[in-house]
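As structure tokens, the structure follows; a few thoughts come after it.
There are 2 protein chains.
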Amino acid sequence: MAANSMDRALRERAAAVIPGGMYGHQSTGLLPDDYPQFFARGSGAYLWDADGNRTLDLMCAYGPNLFGYADAEIDAAYVARMKAGDCLTGPTALMVELAEAFVAMISHADWAMVCKNGTDATTMALTTARAHTKKKTVVLAKGAYHGAAPWCTPRPSGVTAEDRANQVYCAYNDIESLEAAVAKAGGDLAAIFAAPFKHDAFVDQAAPDPAYARRARQLCDETGALLVVDDVRAGFRVARDCSWSAVGVEPDLSTWGKCIANGHPISALLGSDKARAAAASIYVTGSFWYASAVMAAALVTLKRVRESDYLEHIEGLGERLRRGLHERAAAAGFSLRQTGPVTMPLFLFDEDKDLRRGFFWSAEMLKRGVYVHPWHNMFMCAAMTEADIDGALDAAEGAFAALKAAEPSLEPVAKLKAVFG
Amino acid sequence: MAANSMDRALRERAAAVIPGGMYGHQSTGLLPDDYPQFFARGSGAYLWDADGNRTLDLMCAYGPNLFGYADAEIDAAYVARMKAGDCLTGPTALMVELAEAFVAMISHADWAMVCKNGTDATTMALTTARAHTKKKTVVLAKGAYHGAAPWCTPRPSGVTAEDRANQVYCAYNDIESLEAAVAKAGGDLAAIFAAPFKHDAFVDQAAPDPAYARRARQLCDETGALLVVDDVRAGFRVARDCSWSAVGVEPDLSTWGKCIANGHPISALLGSDKARAAAASIYVTGSFWYASAVMAAALVTLKRVRESDYLEHIEGLGERLRRGLHERAAAAGFSLRQTGPVTMPLFLFDEDKDLRRGFFWSAEMLKRGVYVHPWHNMFMCAAMTEADIDGALDAAEGAFAALKAAEPSLEPVAKLKAVFG
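Chains as they are written, first to last, in this note's numbering: chain W, 1354 to 1774; chain H, 1354 to 1774.
Right, dumping it as structure tokens:
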């Protein structure tokens, strides 16, 4: 217990003053019991938990960490601007520079609006589409995550039927299902929302079918609805442009967040000229949206996205990890399904419907100093090295061996019963 | 034009890449034409606009600036924590410490949840109340601002009827109107929302009638609904506790933001034990909500709220300003209505229904180095001094004289026609 005694103590204190002890996507409620809830620090690709245990972090803060925790150059830009005043009575020139930088980098974008949460950006996209079309219905893919406001949060507690009105669901990558959803919207289609690839929790990830993406574009063009690509999670880990540039489809609106200032808090809605008047007509704001320090950090981050080989670097590392894991899994007699872009991988074992193998293996990886997630896509960051990946593969070899030994006696995971029945 | 040539140039660039050139509460769209849209820096109680003009800032970033822009101690806490890693794969001990600090300071609070925008906190309050009661209807005061999500944004563009379903409006401080609204909710009341005082735009502010506050508490107790005090704007400028502690009424939920980390981006929902299970049942989250640097800044800010005489200091300055303005207005033959707490004042001229006098006078104040707002409450900060206030009063004397001279020829303000018809 010494290995996590501080974490346990913090959990006890948290249980007294935070509902449920922790909430949201960083709650360890559905992770193996020995996963730490509290961390002490992060540097580059590494995390230290509250008890001082060091791990290579394949979650990257669920996305925000693109260039390494506590990146010196990006943080210096933040601090320099903070010293001149951060949240003022109006924006600074940096807001204009940041919007110009986005417009120059993202092919479909003619304008940008900054905000704070990914959910702010997706909600603004929805509102803009409704203002543009004067229609209400939005088509979404079943199971896709677009934020945690009442209209999109994945858990129904406290949410009303009216919060979820005017929504029609389709199956991602299924053209017939998409067409049926659009037909169901009748003459009332305001928007089609699309994740850049299928990155739902608990199931295999899937690349976008180019024909599906093109059909979504076509249906929007035919009906006057707006096409929204929600790049909050995947942005800049698939392309230096909107992620659907890879399949040759331009949306009208795209939503960004997480890594665009390398973990400093900012998100954005980008749009084409078609949607500009509607975007100007909605009233959205936040106390801290126009603060300048995070914009200075974003400008350095975007410059590095444009000018460095970070993308090729994390793609190379992701391929090395995928190949190496495949070999080591096979050598140990396991079949591991590795899905999603190599920069945003998910590992699921074959014949593991209730995730008991994945849970056990993930916990064994953690014991060996590698933080992997058993059911949510992970993220590569540019601070990782080939040596880090090779170390993770050594850890995997040990974790596969431990799983092999334990497998006959593995029980279902109690805390996952609510998910898998 | 030299006095604002940089601002004009930035506005032109912004018009190309930001819808409407600027959006949200910091847009100068409804301010006098010579108000700067873009700023260069802030320090203490002062702002420098993009052209280098220095002004005493009575807006304080619309609230976030409580202890002065770029406060050295608060910012140092932010930076020290940032260097150890800010947004990680989970929270740090600071999240527990911050929740503990809130619970220790705010009488009604047994728990805390942090978020980023004030709107996050108010939306979480609404969802928590609906989860707690399994009912839908919320009673709100007409004209009160509770954020900019579709359910509460003051502008209808892009908002659907369903977004505003299950809402009943009453008049603030009007007990009969409140009772009628609750009656209209029938058996479906989930929450009564209340601003801590009436701080609506364009009209006189009003202190809460203690009888109104008590009746709201009583109606919630009778129906099982939750009472929500939205302290995002007024928090810590009226009391070191929830603002309704001044009238002896405890809410079940209170929402906080703006100044709780002196302008660093964080907001919070605080609640009583009664609402704890419901708060734990809702799914709300954000990419940056658990980042630690802002929590370090918040802990220093809260300590200063507890331990310094900042509140008495800004109350003294606010009284000095109110008294001095009254005298100077009277001497010049004007009657100025100064409403709201002295720490959050609003100035409206008598016989100025279309605000032409207020607009002219505000612009004259700005010319003399004092940034005042013609129709939104202002904010005092602890970095202000008696000399700053005396300087503002000198400016006011000049501005009243200029108004006196210009008054016979003042025209209606074109940009306010949409507001006043």
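Even for Gly, the Cβ is constructed at its ideal location relative to N, Cα and C.
Original post:
Within 8 Å (strictly less), CB to CB, does Q1390 of chain W reach chain H?
Top reply: yes
Original post:
Using 8 Å as the limit for Cβ to Cβ distance, is Y1636 of chain H near chain C?
Top reply: Absent from the structure is chain C; the protein chains it does hold are W and H.
Original post:
When the Cα atoms are used, what is the spatial distance from H1461 of chain W to G1395 of chain H?
Top reply: 35 Å
Subject >> CB contact below 8 Å: I1667 of chain H versus chain W >> reply: no
Subject >> Segment contact, 8 Å Cβ cut-off, at least three pairs: the stretch 1440-1449 of chain W with the stretch 1607-1620 of chain W >> reply: no
**OP:** Report the three-state DSSP secondary structure of D1583 of chain H (helix, strand or coil).
**Re:** strand
Original post:
Beta-carbon of C1440 of chain H versus every beta-carbon of chain W: anything under 8 Å?
Top reply: yes
Subject >> Near-chain H residues of the stretch 1485-1508 of chain W (beta-carbon distance less than 7 Å), N- to C-terminal order >> reply: K1489, A1501, A1502, P1503, T1506, P1507 and R1508
**OP:** Taking the CB atoms as reference points, tell me whether V1678 of chain H and W1714 of chain H lie closer together than 8 Å.
**Re:** The question names Val, yet the displayed sequence has Leu at residue 1678 of chain H. For L1678 of chain H and W1714 of chain H, no; Cβs fall outside 8 Å.
**OP:** Please determine, among W:D1402, W:K1436 and W:Y1522, the residue with the shortest C-alpha to C-alpha distance to T1490 of chain W.
**Re:** W:Y1522
**OP:** Enumerate, from N- to C-terminal direction, the unbroken beta strand (DSSP E) stretches of 3 or more residues contained entirely within the stretch 1537-1597 of chain W.
**Re:** 1542-1547 and 1579-1583
Original post:
Any contact of the stretch 1531-1548 of chain H with the stretch 1673-1687 of chain W, i.e. 3+ C-beta pairs under 8 Å?
Top reply: no
Subject >> CB contact below 8 Å: D1605 of chain W versus chain H >> reply: no
Subject >> M1354 of chain H - DSSP class collapsed to helix/strand/coil >> reply: With a pLDDT of 40 at M1354 of chain H, under the threshold of 50, the modelled position of that residue is not reliable, and the figure given next carries that caveat. In this structure, M1354 of chain H counts as coil in the three-state DSSP scheme.
Original post:
Taking only beta-carbon atoms, is M1733 of chain W less than 8 Å away from chain H?
Top reply: no
Subject >> Validate contact between the stretch 1560-1569 of chain H and the stretch 1703-1713 of chain H using beta carbons, cut 8 Å, 3 pairs >> reply: no
Original post:
Mind pulling the beta strand (DSSP E) runs of 3 or more residues that sit fully within the stretch 1482-1532 of chain W?
Top reply: 1490-1494 and 1520-1523
Original post:
What in chain W is Cβ-close to D1404 of chain H, meaning under 7 Å?
Top reply: The contacting residues do not exist; D1404 of chain H stays about 11 Å from chain W at best.
Original post:
K1768 of chain W: buried (16+ other C-beta within 10 angstroms of its C-beta) or exposed?
Top reply: exposed
Original post:
Leaving out five residues before and five after D1387 of chain H in sequence, what residues of the same chain have Cβ atoms less than 6 Å from its Cβ?
Top reply: A1716
Original post:
Just the Cα atoms here: how many angstroms apart are A1566 of chain W and L1493 of chain W?
Top reply: 13 Å
Subject >> Span separating the alpha-carbon of E1529 of chain W from that of H1499 of chain W >> reply: 22 Å
Original post:
Between N1730 of chain H and chain W, is there a C-beta pair that is closer than 8 Å?
Top reply: no
Original post:
What are the boundary residues of the alpha helix (DSSP H) that F1753 of chain W is part of?
Top reply: E1739 to A1759
Subject >> Helix, strand or coil at V1467 of chain W according to DSSP, with G and I counted as helix >> reply: strand
Original post:
Cβ atoms of M1466 of chain W and A1621 of chain W: under 8 Å apart, would you say?
Top reply: yes
Original post:
Considering A1684 of chain W, what are the terminal residues of the alpha helix (DSSP H) in which it resides?
Top reply: Y1663 to A1684
**OP:** Report, in whole angstroms, the separation of the C-beta atoms of D1410 of chain W and F1391 of chain W, which I expect to be a contact under 8 Å.
**Re:** Actually they do not touch by this definition, with Cβ atoms about 14 Å apart.
Original post:
Between the C-alpha atoms of A1403 of chain H and A1569 of chain W, what's the straight-line distance to the nearest angstrom?
Top reply: 44 Å
Original post:
What are the residues of the stretch 1680-1706 of chain H that lie near chain W, defined by any Cβ-Cβ distance shorter than 7 Å?
Top reply: none
Original post:
Which residue comes first and which comes last in the alpha helix (DSSP H) that contains T1654 of chain H?
Top reply: A1646 to E1660
**OP:** Note down, in chain order, each residue of its chain lying with its Cβ closer than 7 Å to the Cβ of V1582 of chain H, except the 5 sequence neighbours on either side.
**Re:** A1547, P1549, C1595, S1596, W1597, P1604 and S1607
Original post:
Is the Cβ-Cβ distance between H1729 of chain H and A1501 of chain H less than 8 Å?
Top reply: no
Original post:
How would you call A1758 of chain W, buried or exposed, if buried means at least 16 neighbouring beta carbons within 10 angstroms?
Top reply: exposed
Original post:
In terms of residues, what are the limits of the beta strand (DSSP E) holding D1605 of chain H?
Top reply: Careful: D1605 of chain H lies outside any beta strand (DSSP E) and carries neither H nor E.
**OP:** Would you give the residue range spanned by the beta strand (DSSP E) that Y1303 of chain W belongs to?
**Re:** The question about residue 1303 of chain W has no answer, for chain W in this structure spans 1354 to 1774.
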